[in-house]
Structure formats: structure tokens, C-alpha cells
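Chains as they are written, first to last, in full-length UniProt numbering: chain A, 1 to 333; chain B, 1 to 333. Even glycine gets a Cβ: it sits at the ideal position worked out from N, Cα and C.
There are 2 protein chains.
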Amino acid sequence: MESLFLLVLGNTEISTVPGISVAGATPELTKLTPVADAEYLFHEKPLTIDVIPVTPEGHPTPAIITKAARELANFPVLVVRGGTYLAPLVPHVHISDAVGRDFRKEPALPEFGDIIKRAKLFGEELNKTPIKELVIGESTPGGTTTAQAVLWALGYEARTSSASPDNPQSLKEKVIAEAFERAGIEKGQLRDNPLEALRQFGDPMMATVIGIALGFRRDIVLAGGTQMLAVSALLKALGEDLSRFMIATTKWVANDKSATFIETAKEIGIISYAADLDFSKSEFKGLRDYERGYVKEGVGAGGATWLAVKAGFSPEDVSEKVEELYRRLMEMK
Amino acid sequence: MESLFLLVLGNTEISTVPGISVAGATPELTKLTPVADAEYLFHEKPLTIDVIPVTPEGHPTPAIITKAARELANFPVLVVRGGTYLAPLVPHVHISDAVGRDFRKEPALPEFGDIIKRAKLFGEELNKTPIKELVIGESTPGGTTTAQAVLWALGYEARTSSASPDNPQSLKEKVIAEAFERAGIEKGQLRDNPLEALRQFGDPMMATVIGIALGFRRDIVLAGGTQMLAVSALLKALGEDLSRFMIATTKWVANDKSATFIETAKEIGIISYAADLDFSKSEFKGLRDYERGYVKEGVGAGGATWLAVKAGFSPEDVSEKVEELYRRLMEMK
């Protein structure tokens, strides 16, 4: 396989604002979701916690899709700790342990420069290997809110998606408004200063992916939903030619009417792929609910499916493998 | 480049036994040598400390050879934290932060199982990439003593080398005798129990390299001196076919009359390469003294030179680049 899948882990304090994130059973548990996602890819269940991450209503993490695609296509995976509360208990590339701060109160990521520099060094080394393509996924609870803040600061009238069918747009807009007031900036004001947008409103996942992309000069698939729009917009504002980039996400993000994935991707000028996964016939409510707008994307689920498709599997094969993995989890209970 | 250079970092408390290691200006400073070596490969000087690691008499770390070869041949490098006191301030693959214990008092590495498992996962992922060969170097102060203890436990009448021209063999033998007495074993007694030899007398570098080698199934160059004899002997005792392995070291190790590199390599049944570096004409005493038995090897210096030679450079080119790098360091003072 000439592609390498990187899973970049990030945390931001924003995920603990009640109502912002359902990427964990409680706001506090969202802190552990990135490491648990990473561990689940390599083991039958996570190591840091005893169960896979779920929404408050019990919907399983999209890591199950990534794991399914990986078991089919056998692509190589490296976990990258962009900045998390804990270190995952699996081998991982350490970039930083800086967690994004609550941007209502202070700049989100004073460490952005160090993170980009280190991640760029890592990308440069990968660039010397025969690896032709990086597929970069992420696990960053609260990340759609930081993404929307960054997109707004850069001048995009974007609405990011959510792992909840009831996208908390008014809450997102409220916390972003507070952050903009704290920082004394208006929508679009950081159009020409992407690093300041990252510092004020971003998260360590974004900084890490940007650094890797500055170091690795061949094809890069940004495997995620609207969070990868923010990464793309930052890269564009930094002067990167987006023709070597693509976003791979799921149909659930692309079809999300509460968000502007397709429109904003077009405005940024980045092509996208949406994996046509279908869980409607699953025997499990937790999976069927993906079709009702729960979860949607994360852990590079769309990009992992894309790698499986490139390897000759169909989205149906991936969906079937997800069903099998979920059954296995249910039997372990 | 179809080869990937891994630099595995390890610490053992054994390096702080006075007289055992000169891989640092003082026994206490040997704790920082692995991270400083790693940082120097990527930067003009280390970040954790302000100067490159030196012997108590001021001889520069062999990282300068690895850095020289890398600047010529541009091979990719990933740092791997097998188990060290500190995390290096460069991107690195985190395997563990377990430091080898003083084996005179207690088993050296109770964590050997977890380290091997994690490192194997990492090796398995590398095995799925198009990378055809791993060249694995190490920085492990005190590591020739743990190596000799492991070789003795496995039944080899080996003497390992030293970064000092006065190989402290009698001190090494004394601490090993104490360790064997503490553990209640005799020379050769763990011939058929390599993991127990590793647990009782090894270090985290060994466990990490073994794990990677169990996961990555293509060619592996063990880039080091007599420490890599211990790794080879462990791999052989674990049932690995050594025909895909090779040790790459320097002529200074191969010619070291106080050690048994050639004889023990032959006894184990692993082929070896010795880089023909020549610092005799250096304008700097610190480098000329390599020809008098100082330093000799480390940080994969021999393996890095081998990669440079494969890329079309001569050992003389590497020696010249070392001279240039050392001059640059002197000018920074």
C-alpha cells in the first residue's frame, strides 16, 4: 500500500462546554475520546477506558468505520498525538501534549508555532520515504466549533457539522461570538493572518495537520468533515496550492443540511469525496441512527473508506464489516 | 529512499554507576544523552541541553556521524522513544517511558512485555508501507553493560565494547556478577529463556528493537556495535531467522581488541559491516581521538554511513562532512 493513514489526536477545552459536543457519553468523557479511538483501532476495545466512545445516547464512535476499513484493506496506520490530555496506550508519534484552551477566555493555542514546526519535521521525514499519499484523519471532540470559529475568522460564512442530529448552531455561534469579542476581531478580519486565526481559535489537531502538510509535499487526503474545511482554508491562506489536497468525508456530512460542507469546500476550492456508507439495514439501533444524523464522521472514517474502495472493496463491504465489529462489541458486553 | 532509519532511545540506571559509561560528561548527564542525540540530528544543536553530548574528556557524540551521513544521503529518520527519562523535543514515536533499572538490585525491565507488544504493533504498520529496509540505531548510555549481561545469560563468552579506550571490563564483570547473584542465575542459564534474560538484565532499547523486528518482516540492519550483538542473540533465541538481519557498525568497534565483536557475531551467526571511517587527519583532537579508541559507535553511526555508501557517497565523504559539522559546532561556542 503506497498510502499511509495518519490519525491525528487533539483535545480542546471547548468540548467540555455543555451542549457543544456529543463525542463522548458526557462532556467530561470527551477528553478521553481521542485516545480511546486510537486504541480501539489496534485492539478489540480501548485500553484507557473499557468501552468504545459513544454519544450520550449510546451511538458508537466512527472509529468503528475506520477499523472496519482497515481490517479489509490492511492499510498502515500511525497515530499522531497532536495535543491531548492523555497519551494513547498504543505506539504513536508524539508532537505535543498541548490542549486547546477555551477561546472565550484566552487564545486557544499559544503553542501553535512549536506544534507546526515539529509536525513539519515529521512530514519532511515521511516525504523522504516511498509513501506516495497521506490520508490524515482526526479525533477532536469539540472540533467542529473551533473549525467554525477559524472559518469565520478567515471570512467564510460557513456552518460546520455536528455529531448530533440537532446541530447546536446557536450555542456554537454564541461561544464564537464571545471569543471574537474577547479577541477583539470581526468575521473575516484574519483573512490574511491565518496563523493568528489558528492561535486565537484553533486546536492542536489543526496545527499538527498543517505542519505535516507543509513537510510532506505529495498527495494529501484530509479525512474528515467540516473540520477539514478549516484545515484547508488555513492551508490556502498560508499560500499552499490545494490541487494536491482532497477532503474525504462521508455522505452524512455532505448531506447535512444544517452545515455548509459542499458550499464551503467549493468556496475554498478543494475537491471532496463522500463515502456512500449505508447503515439503514443494520440490526443495531446505534448504527441505524447514523442515517438519522448521529455521529456522521470522525477518526478519518470517510478517508478510510476511500482507501478500502481504492483497494477494491465496496462501501457495502465496509458497512458489513462495521456490522460485524459492532456485533463483536455487543457480545463482549 | 526505500530505507527508513529508526533511532531508538533508551536509558538504564546502569549508566549512572560511576565508571561504567562515558556517554556523557558526567554519570548524571548520561541520562540526557539519548534525547540530546536525537535533537541534534534535527537541529544545529540539542534543545534539552545547550551542547552536544560529550565524554568526560570532551569527545563528541557519534550522533555527529549519523547527522553527517543523513545530510549527505538525505535518508528519512524517525526517532523512537523506547524508554528514557525525558521525551526528546523532536517528533518521535512513543513506545514507553520505562527506564531500565539497576539490575544489581532488581529485575531490569518488568515492562519488557508491554514494550515488545507496542513496538511490534509499530513494526507491523511499517511492514504495510513500501519501506523495504529498516536501519535501526540506538542511543543507550550504559548499554554495553546490559548487552554483556544479556549475552552472558544467553551463554556467549562475549566482551562488549566501550566508548572509552580503557574498556572498564573488570567493573562491568563485577556489576554483572552482582546481578547474576541477585537473580540466582549462572552464565548460559537463560539460553532457552531469552525473555527472562531481557527482563532481568536488558534495557528498553533492546525490547523496542526486538518488538519492531518481530513486526517488520523485511530486511533489518541493526546499526550498532556490541549492543546489537545482544539484540541479535535475543532474536535468535526467540526463533528468528537471522538471514534478513545484518549488523552495521564502525571499524572502531570491529577492531576493538578489548571486545569480541567479530567472534561473537560469528558465534551468533549474523553478518556484519564495519564502516571504514577515518578521523586521523581531523584538525580537531576530539575527532582524532576516535582513532585512539574513544566513542567508537552509537546513534547508528555505522548504519548511517552504510546508507550513505549505498547512496553513492564514500566513507571519506562522511568523514569530511563530520569535520564540517564539528567546525560549525566549534564556531557556535
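Nearest CB-CB separation between residue 74 of chain B and chain A: below the 8 angstroms threshold. Residue 49 of chain B has a beta carbon lying at 8 angstroms or more from every beta carbon in chain A. Less than 8 angstroms divides the Cβ of residue 3 of chain B from the Cβ of residue 132 of chain B. Of the other Cβ atoms in all chains shown, fewer than 16 fall within 10 Å of the Cβ of residue 312 of chain B; this residue is therefore exposed. When the five nearest sequence neighbours on each side are left out, the beta carbons in the same chain lying within less than 6 angstroms of the beta carbon of residue 16 of chain A are those of 27, in order along the chain.
Remark: C-beta atoms of residue 98 of chain A and residue 109 of chain A approach each other more closely than 8 angstroms. Against chain B, the CB of residue 1 of chain A has a partner CB under 8 angstroms away; the residue lies at that interface.
The Cβ atoms of residue 300 of chain B and residue 138 of chain B lie closer than 8 angstroms to each other. In this structure, the straight-line span from the alpha carbon of residue 324 of chain B to that of residue 318 of chain B is close to 10 angstroms. In the assembly as shown, residue 76 of chain A is a buried residue. Its beta-carbon has 16 or more other beta-carbons within 10 Å. Proximity to residue 298 of chain B across B:101, B:14, B:38 peaks at B:38, based on C-alpha coordinates. Taking 8 angstroms as the cut-off, the beta carbon of residue 36 of chain A is found no closer than this to the beta carbon of residue 56 of chain A. 8 angstroms or more divides the Cβ of residue 227 of chain A from the Cβ of residue 305 of chain A. At a C-beta separation below 8 angstroms, residue 90 of chain B has these neighbours in chain A: 118, 121. Rounded to whole angstroms, the gap between the alpha carbons of residue 60 of chain A and residue 86 of chain A is 21 angstroms. With a minimum length of 4 residues, the unbroken runs of alpha helix (DSSP H) contained wholly in the segment 244-330 of chain A fall at 251-254, 261-268, 285-288, 301-310. For the 8 angstroms CB-CB criterion, residue 143 of chain B and residue 10 of chain B form a contact. Listed along chain B is no residue with a C-beta nearer than 9 angstroms to that of residue 141 of chain A; the closest approach is about 21 angstroms. Per DSSP, residue 114 of chain A is one residue of the alpha helix (DSSP H) stretching across 112-127. Annotated three-state conformation of residue 60 of chain B is strand, per DSSP. At a cut-off of 8 angstroms between C-beta atoms, residue 115 of chain A does not count as an interface residue with respect to chain B.
Residue-level contact by beta carbon holds for residue 77 of chain A and chain B, with a gap shorter than 8 angstroms. Of all residues in the segment 125-155 of chain A, only 125, 126, 127, 128, 129, 130, 131, 132 place a beta-carbon less than 9 angstroms from a beta-carbon of chain B. Flagged as an interface residue toward chain B: residue 87 of chain A, by a C-beta distance shorter than 8 angstroms. In the DSSP assignment, no residue is bridged to residue 184 of chain B. Taking the Cβ atoms as the reference, residue 107 of chain B lies roughly 15 angstroms from residue 189 of chain B, outside the contact range of under 8 angstroms.
Under the 8 angstroms Cβ criterion, the segment 154-161 of chain A counts as touching the segment 222-239 of chain A, having at least three qualifying pairs. Taking a beta-carbon distance threshold of 8 angstroms, residue 4 of chain A counts as an interface residue toward chain B. Its Cα nearest to that of residue 135 of chain B, the residue B:218 stands out among B:237, B:29, B:218, B:91.
Look at the segment 25-49 of chain B: the residues with a C-beta under 8 angstroms from a C-beta of chain A are 42. Residue-level contact by beta carbon holds for residue 93 of chain A and chain B, with a gap shorter than 8 angstroms. Annotated three-state conformation of residue 208 of chain A is helix, per DSSP.
If you look at residue 133 of chain A, you'll find it isn't in any alpha helix (DSSP H); it sits in the beta strand (DSSP E) that goes 133-139.
Only residues of its own chain outside the window of five on either side were considered, and among them 95 have a CB closer than 6 angstroms to the CB of residue 118 of chain A, listed in chain order. Listed in chain order, the alpha helix (DSSP H) elements of length 4 or more contained wholly in the segment 36-108 of chain B are 63-73.
When DSSP reads this structure, residue 26 of chain B sits in no beta bridge, so it has no partner.
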